[in-house]
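Enquirer: Input: one structure, supplied below.
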Amino acid sequence: MKYSALLVLMASLLAADANAQAATSSTPVAVLAALPPAERQAHEELIALRIASQAAFNKVGASGKVEDMEALLKFVHPDCLLTAMNGQSARGKQGILEYFNRHMINKDHAIAKVQHEFEADHLSILLSPDIAINRGTAKGTYNFTDGAEFIVNCRWTATMARKDGAWTVIAFQFGPSIFDNPVVDALKGWIYKGVGIAGIAGLLAGLLIGRRSRRTDAATKA
Numbered sequence: 374m375k376y377s378a379l380l381v382l383m384a385s386l387l388a389a390d391a392n393a394q395a396a397t398s399s400t401p402v403a404v405l406a407a408l409p410p411a412e413r414q415a416h417e418e419l420i421a422l423r424i425a426s427q428a429a430f431n432k433v434g435a436s437g438k439v440e441d442m443e444a445l446l447k448f449v450h451p452d453c454l455l456t457a458m459n460g461q462s463a464r465g466k467q468g469i470l471e472y473f474n475r476h477m478i479n480k481d482h483a484i485a486k487v488q489h490e491f492e493a494d495h496l497s498i499l500l501s502p503d504i505a506i507n508r509g510t511a512k513g514t515y516n517f518t519d520g521a522e523f524i525v526n527c528r529w530t531a532t533m534a535r536k537d538g539a540w541t542v543i544a545f546q547f548g549p550s551i552f553d554n555p556v557v558d559a560l561k562g563w564i565y566k567g568v569g570i571a572g573i574a575g576l577l578a579g580l581l582i583g584r585r586s587r588r589t590d591a592a593t594k595a
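With the numbering used here as the guide, the letters of the sequence shown map in order to residues 374 to 595.
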């Protein structure tokens, strides 16, 4: 199966975690073990999908190479809808590829490197045996071509579908916070600096105008 190697790795990691701590009703090991076999398999495949797609995302985010997009796009449905961190949207594999080219390859691209750590809030919600949704958190590190670096914490939601035995992402959306956002903080800093400079300039202009006015009054009286 497509994710067989990842499933074996994931199973060994879960087993190691189970040996390290006593399993309770709330641990992933216990939750998965309590599920019916078909449902458990679906969740194991969805976890494998998240692990594999994160690895592929971070590989292309580090290399900036078009050829590395192939490993990521194989996890994407042909009509996948993506809403990216900057609010732009793309549809399908070609649209996602064009978005990537625009921001990481084309002339005057802004992003030099990007890495994300995705965590799910819980097991995916199975709407049917072949449709699932989930949500979680992501920590993104963005390195820009001008040398700037931002670490952005955000929320994400995803919809997955299984066809011919393989799960793919059919919709994915990032949701950065406007209150806990380093880009917004930087903009605030620039605005405050601008206001401060404008205030100082206004004060100096006022002093100069006042001094000139006093000189004019004195000359008129003389």
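Backbone N, C-alpha and C define an ideal beta-carbon position, used for all residues, glycine too.
Treat the numbers as computed from the prediction; the structure is a model and nothing was measured.
As an exercise, report each continuous beta strand (DSSP E) stretch of at least 3 residues that is fully enclosed by the stretch 400–471, in chain order.
Expert: 449–456, 462–464, all fully within the stretch 400–471.
Enquirer: Less than 7 Å between the beta carbons of Leu455 and Phe545, yes or no?
Expert: For the purposes of this step, residue 455 is identified with residue 82 of the sequence shown, where counting begins at 1. For the purposes of this step, residue 545 is identified with residue 172 of the sequence shown, where counting begins at 1. In contact: Leu455 and Phe545 (Cβ atoms closer than 7 Å).
Enquirer: I'd like to confirm the pairing. Which residues does DSSP put opposite Lys512 in its beta bridges?
Expert: Residue numbering aside, residue 512 sits at position 139 when the sequence shown is read from its first letter. According to DSSP, which records beta bridges pairwise, Lys512 is partnered with Glu490, Asn526.
Enquirer: For Asn431, collect the residues of the same chain with a Cβ closer than 6 Å to its Cβ; drop the 5 residues on either side in sequence, then sort them by chain order.
Expert: For the purposes of this step, residue 431 is taken as residue 58 along the sequence shown, with counting starting at 1. Contacts found: Gln488.
Enquirer: The beta strand (DSSP E) spanning Phe673 covers which residue range?
Expert: What is shown of the chain runs 374 to 595, which leaves residue 673 out entirely.
Enquirer: Does the contact criterion of 3 or more C-beta pairs under 8 Å hold for the stretch 513–521 versus the stretch 531–542?
Expert: No, they do not touch.
Enquirer: Counting pairs of beta carbons, one from the stretch 419–431 and one from the stretch 440–447, are three or more of them closer than 8 Å?
Expert: In short, these stretches touch, since the Cβ pair count reaches three.
Enquirer: Assuming contact is defined by CB atoms lying nearer than 7 Å, are Lys486 and Ala411 in contact in what I supplied?
Expert: By 1-based counting over the sequence shown, the position of residue 486 is 113. By 1-based counting over the sequence shown, the position of residue 411 is 38. No, the Cβ-Cβ distance between Lys486 and Ala411 is not below 7 Å.
Enquirer: Is Asn479 helix, strand or coil when you go by DSSP?
Expert: The residue labelled residue 479 in the question sits at position 106 within the sequence shown. Correct three-state label for Asn479: coil.
Enquirer: Quick one: Cα of His450 to Cα of Ala407, how far?
Expert: Indexing the sequence shown from 1 puts residue 450 at position 77. Indexing the sequence shown from 1 puts residue 407 at position 34. Distance between the alpha carbons of His450 and Ala407: 30 Å.
Enquirer: Using a Cβ-Cβ cutoff of less than 6 Å, which residues in the same chain neighbour Gly437 once the five nearest sequence positions on both sides are dropped?
Expert: Reading the sequence shown from its first residue, position 64 is the one you call residue 437. Counting only Cβ-Cβ distances below 6 Å, and skipping sequence neighbours, we find Met477.
Enquirer: Got a sec? Which residues, its chain only, sit under 6 Å from Leu496 by beta carbon, not counting five neighbours each side?
Expert: Locating residue 496 in the sequence shown gives position 123, counting from the first residue. Result list for Leu496: His416, in chain order.
Enquirer: Could you tell me whether the Cβ atoms of Met458 and Phe552 are closer together than 7 Å?
Expert: Counting from one through the sequence shown, the residue named residue 458 turns up at place 85. Counting from one through the sequence shown, the residue named residue 552 turns up at place 179. No, Cβ-Cβ distance for Met458 and Phe552 is not below 7 Å.
Enquirer: In angstroms, rounded to a whole number, what distance separates the CA positions of Leu499 and Ala505?
Expert: What you label residue 499 is simply residue 126 of the sequence shown in a count that begins at 1. What you label residue 505 is simply residue 132 of the sequence shown in a count that begins at 1. For Leu499 and Ala505, the distance between alpha carbons rounds to 4 Å.
Enquirer: Which two residues bound the contiguous beta strand (DSSP E) that contains Ser497?
Expert: Walking along the sequence shown from the start, residue 497 turns up at place 124. Premise fails: Ser497 is in no beta strand (DSSP E) and is neither H nor E.
Enquirer: Do Ala463 and Tyr472 have their beta-carbon atoms positioned less than 7 Å apart in this structure?
Expert: Start at 1 with the first residue of the sequence shown, and residue 472 comes out as number 99. Start at 1 with the first residue of the sequence shown, and residue 463 comes out as number 90. Yes, these two residues count as a Cβ contact at 7 Å.
Enquirer: From Gly541 to Lys466, what does the alpha carbon distance come to, in whole angstroms?
Expert: Taking the sequence shown and counting its residues from 1, one reaches residue 541 at position 168. Taking the sequence shown and counting its residues from 1, one reaches residue 466 at position 93. Here residue 541 turns out to be Thr, not Gly, going by the sequence shown. Each residue's Cα considered, the two are about 12 Å apart.
Enquirer: Tell me which residues share the same chain as Ala508 and place their Cβ nearer than 6 Å to its Cβ, disregarding the 5 neighbours each side in the sequence.
Expert: What you label residue 508 is simply residue 135 of the sequence shown in a count that begins at 1. Sequence inspection shows Arg at residue 508; the Ala mentioned does not correspond to that position. Here the set comprises Asp494, Thr530.
Enquirer: Is Asn526 a contact residue of the ligand ZN, with contact defined as CB to any heavy atom under 6 Å?
Expert: Of the ligands one can find in the structure shown there are none, so the ligand ZN has no counterpart to examine.
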